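Asks: One structure follows; several queries about it will come next.
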Amino acid sequence: MAFPEVTINQVNLGQGENKEVERTLLFIGVATDGTPDSNIGNVIPVNTQTDFDSLTGEGALKSDLLSAVVNAGQNWFAYVYILPKESGIPAAIEAIKAIQSKIQVEGVVSTIPVSTKAEIEQFNSLRSVVVSKFGTWQWFMLPVDGANAGENWAAVYKRLDTLQKGVAAAGVMLVPRLFGNEVGALAGRLCNRSVTIADSPMRVETGPMLDLGSADKPVDADGAELGLETLIALERVRYSVPAWYTNFDGVYWSDGRTLDAEAGDFQAIENLRVIDKMSRRIRVKAIRRIGNRALNSTPGSIERNKIYFAAVMREMSKSVLINGVQFPGELKPPKDGDIQIVWKTKTNVEIYAVGRTEECPKGITASIMLDLKLEDK
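In UniProt numbering, the protein residues as written are 1 to 377.
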C-alpha cells in the first residue's frame, strides 16, 4: 500500500540564449600625461557615448578608440585597459591574463606596437593559455610601425617581411600603422552590425574606412607616396592593410589576414571568427551533457544528440535581414554526417562537428564581349 503523493520537478533543458561575446573587444594601451591615475590598471567599459578625452589622455589608445567608434557604427561596446606609462608587451600579456575572469571578449586589440618575433609569439601562446585555462577563444590584433624616420617603402617592406617570416599564429593579426589609426579602424569595422561576423572587412558595400589617420596618403623618407604596389606586397606577406581602387572614391580594406601558416584554414579573420563562435557554443552544450545518461551509446541517443549539438550550426546558418539586405547565415545549414559521436570508453565520448562557410568573391573577373552577328528582322 502507498500514501498518495505528487512530486513536481522543474527541469532546466538549457534552451535559453547564449551570451553574445562576438563584436566585443578589449583595447589595451599605455597611459600618457593626460591619463587620470584612477583609470590606470582598471577595466573600463566604453561605448559610443563615452568621453574619451577624460578617459585615456592623448595618444595611440585614444586615437584608435575614436577610429573604432566611427567605423563600428551603432551599438558599439568594448572594454579598455590602461597600463602604466612605459609599459611594454610583457606587461600587456600579464594584464590580459589577469582580467580574463572579469570580462568576456571576442578579441584583444593592442595599441602597443610589436617589433620582434618573440613579442608576436607571446600573443600566439596567450591564445592557447586563454583556451586551456578559461575555456574561451580570442584573437589578437597587433600594430606594427609603418615608415620610420629615414625609411623608404622598400625598407618598410623588408623590415615587415622579416618580422612575420616563419611565424605560424592563426589567432594573431598584424596591422601596419601607415595612415596612423589602422588598428582602431579595422577593429571597428569588424564590430560593425551592418554585416555579420562571417563577412570580410574587404566588403566594399559596407562603406569606406573612416578616420584612418592622415587625410593624405602617407609618404616615405624619399617623399614617395604610399602606393598599391606596397600594400599588395605587404598583404602577400600576411599583413592586414588598407586598399583602394583606381577611379573609385574611398579607401577600403584588403583581406583580414592572420598569421596562419600557408594552406591553413584560418588565414582570413572571418573564418577564424565563425569557428571561434561555434567552439564557444558547442562547449556550453557539451558541459550540459556531463554526467547526463541521455547521452549514451545507443543508436537512439546518438541520433538525438547529433540533433542537439547540430543546433549550434542550425542557429548560425539562419539568414538575417540587415538594412534591407538579406545576408546568408554565418555557416551553411548542417548536413547529415556533420556531427559524429564516438564512444571511446564507457565514460569518454568524442564529438566531431563540421562548420561550412558560404562562398565570398574576393576576386572578380568580367569578360566583355561584342556580338556583331547580323540578326534577322
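All residues carry an ideal CB built from backbone N, CA and C; glycine is no exception. All values reported here derive from a predicted model rather than from experimental measurement.
Using a Cβ-Cβ distance under 8 Å, would Tyr81 count as near chain D?
Replies: No chain D appears in this structure, which consists of one protein chain only.
Asks: In this structure, how does DSSP classify Asp216 when only helix, strand and coil are distinguished?
Replies: Within the sequence shown, the letter at position 216 stands for residue 216. Reduced to three states, the DSSP call for Asp216 is coil.
Asks: With a threshold of 6 Å on Cβ separation, who are the neighbours of Asn124 within its own chain once the five nearest residues in sequence on each side are excluded?
Replies: If you number the sequence shown from 1, residue 124 lands on position 124. Excluding sequence neighbours, Asn124 sits near Ala169, Val172.
Asks: Select from Ser367, Gly73, Val21, Lys306 the residue whose C-alpha is nearest the C-alpha of Arg289.
Replies: On the sequence shown, residue 289 is found 289 positions in, with the first residue counted as 1. It is Lys306 whose Cα lies nearest to the Cα of Arg289.
Asks: Looking at the secondary structure, which residues open and close the alpha helix (DSSP H) in which Ser132 lies?
Replies: As a working note, residue 132 is residue 132 in the sequence shown. Counting along the chain, the alpha helix (DSSP H) containing Ser132 begins and ends at 117-134.
Asks: Here's a check: name, in chain order, each residue in its chain whose Cβ is nearer than 8 Å to the Cβ of Pro84, leaving out the five neighbours to either side.
Replies: Within the sequence shown, the letter at position 84 stands for residue 84. Taken in chain order, the residues that qualify are Val30, Ala31, Ile40, Gly41, Ala91.
Asks: Who are Tyr245's beta bridge partners in DSSP?
Replies: Taking the sequence shown and counting its residues from 1, one reaches residue 245 at position 245. Answer by DSSP bridge pairing, in chain order: Phe248.
Asks: Taking the alpha-carbon of Val69 as reference, which of Gly135, Phe3, Arg193, Gln326 has the nearest alpha-carbon?
Replies: Your numbering for residue 69 matches position 69 in the sequence shown. Of the candidates Gly135, Phe3, Arg193, Gln326, the residue whose Cα lies closest to the Cα of Val69 is Arg193.
Asks: Under 8 Å, do Met202 and Lys362 count as touching if we go by C-beta distance?
Replies: Position 202 of the sequence shown holds residue 202. Position 362 of the sequence shown holds residue 362. Cβ distance < 8 Å, so Met202 and Lys362 count as in contact.
Asks: Just to confirm my understanding: we take Val342, look at its own chain, exclude 5 residues before and 5 after, and list those with CB closer than 6 Å. What are they?
Replies: Here residue 342 corresponds to residue number 342 of the sequence shown, with the count starting at 1. Excluding its 5 nearest sequence neighbours in each direction, Val342 has C-beta neighbours in its own chain below 6 Å: Glu350, listed in chain order.
Asks: In three-state terms, what does DSSP make of Pro36?
Replies: Within the sequence shown, the letter at position 36 stands for residue 36. Coil at Pro36, not helix or strand.
Asks: Would you report the Cα separation of Gly367 and Tyr252, rounded to the nearest angstrom?
Replies: Here the question's residue 367 lines up with position 367 in the sequence shown. Here the question's residue 252 lines up with position 252 in the sequence shown. The sequence given here places Ser at residue 367; Gly does not occur at that position. Distance between the alpha carbons of Ser367 and Tyr252 is about 25 Å.
Asks: From Phe309 to Ala263, what does the alpha carbon distance come to, in whole angstroms?
Replies: As a working note, residue 309 is residue 309 in the sequence shown. As a working note, residue 263 is residue 263 in the sequence shown. Looking at the two C-alpha atoms, the distance is approximately 28 Å.
Asks: Contact check, Val195 vs Phe327 under 8 Å by CB: the rounded distance?
Replies: Residue 195 sits at position 195 when you count from the first residue of the sequence shown. Residue 327 sits at position 327 when you count from the first residue of the sequence shown. About 7 Å; that satisfies the 8 Å criterion.
Asks: Residues in the same chain with beta-carbon distance under 8 Å from Lys318, minus the five sequence neighbours each way, listed in chain order, please.
Replies: For the purposes of this step, residue 318 is taken as the residue at position 318 of the sequence shown. Around Lys318: Gly329.
Asks: Which term fits Thr355, buried or exposed, when burial requires 16 or more other beta carbons within 10 angstroms of its beta carbon?
Replies: Position 355 of the sequence shown, counted from the first residue, corresponds to residue 355. Checking the sequence, you will find Gly at residue 355 rather than Thr. Gly355 is buried by the Cβ-count criterion.
Asks: Which parts of the stretch 5-31 are runs of the alpha helix (DSSP H), unbroken and 4 residues or longer, counting only runs that do not cross its ends?
Replies: none
Asks: For Phe179 and Ala243, what's the separation of their Cα atoms in angstroms?
Replies: Position 179 of the sequence shown, counted from the first residue, corresponds to residue 179. Position 243 of the sequence shown, counted from the first residue, corresponds to residue 243. Rounded to whole angstroms, Phe179 to Ala243 spans 12 Å at the Cα level.
Asks: Compare the Cα-Cα distances from Leu163 to each of Trp76, Pro113, Arg23 and report the closest residue.
Replies: Here residue 163 corresponds to residue number 163 of the sequence shown, with the count starting at 1. Nearest C-alpha to Leu163: Pro113.
Asks: Would Gly188 pass as a contact of Asn71 if the rule is Cβ separation under 8 Å?
Replies: Counted from its first residue, the sequence shown places residue 188 at position 188. Counted from its first residue, the sequence shown places residue 71 at position 71. Their beta carbons are under 8 Å apart, which means Gly188 touches Asn71 by this criterion.
Asks: Whole angstroms are fine: how far does the CA of Pro45 sit from the CA of Ala78?
Replies: Taking the sequence shown and counting its residues from 1, the one referred to as residue 78 is at position 78. Taking the sequence shown and counting its residues from 1, the one referred to as residue 45 is at position 45. So the two alpha carbons sit approximately 6 Å from each other.
Asks: What are the boundary residues of the alpha helix (DSSP H) that includes Phe309?
Replies: What you label residue 309 is simply residue 309 of the sequence shown in a count that begins at 1. That run of the alpha helix (DSSP H) goes 299-316.
Asks: Out of Asn348, Ile275, Pro334, which one is the CA nearest neighbour of Arg293?
Replies: Your numbering for residue 293 matches position 293 in the sequence shown. When each option's Cα is compared against that of Arg293, the closest is Asn348.
Asks: Return the Cβ separation of Val156 and Ala149 in integer angstroms, given the expectation that the two are a contact with Cβ distance under 8 Å.
Replies: Taking the sequence shown and counting its residues from 1, the one referred to as residue 156 is at position 156. Taking the sequence shown and counting its residues from 1, the one referred to as residue 149 is at position 149. 12 Å between Cβ atoms; not a contact.
Asks: Which parts of the stretch 65-112 are runs of the alpha helix (DSSP H), unbroken and 4 residues or longer, counting only runs that do not cross its ends?
Replies: 89-98
Asks: Using only alpha-carbon positions, find the residue among Val237, Met278, Thr246 that is nearest to Ala198.
Replies: Here the question's residue 198 lines up with position 198 in the sequence shown. Nearest option by C-alpha distance: Met278.
Asks: Going residue by residue through the stretch 150-224, where are the continuous beta strand (DSSP E) segments of at least 3 residues, counting only ones entirely within it?
Replies: 172-177
Asks: Do Ala221 and Asn152 have their beta-carbon atoms positioned less than 8 Å apart in this structure?
Replies: As a working note, residue 152 is residue 152 in the sequence shown. As a working note, residue 221 is residue 221 in the sequence shown. Yes, the pair counts as a contact, with Cβ atoms nearer than the cut-off.
Asks: Run through DSSP, which three-state label would Arg283 get?
Replies: Taking the first residue of the sequence shown as 1, we reach residue 283 at position 283. Note: Arg283 maps to helix in three-state DSSP.
Asks: So, does the stretch 57-65 touch the stretch 102-120, judging by three or more C-beta pairs under 8 Å?
Replies: yes
Asks: Could you give the first and the last residue of the continuous alpha helix (DSSP H) run that contains Ala233?
Replies: For the purposes of this step, residue 233 is identified with residue 233 of the sequence shown, where counting begins at 1. Taken as a continuous stretch (DSSP letters only), the alpha helix (DSSP H) holding Ala233 covers 228-236.
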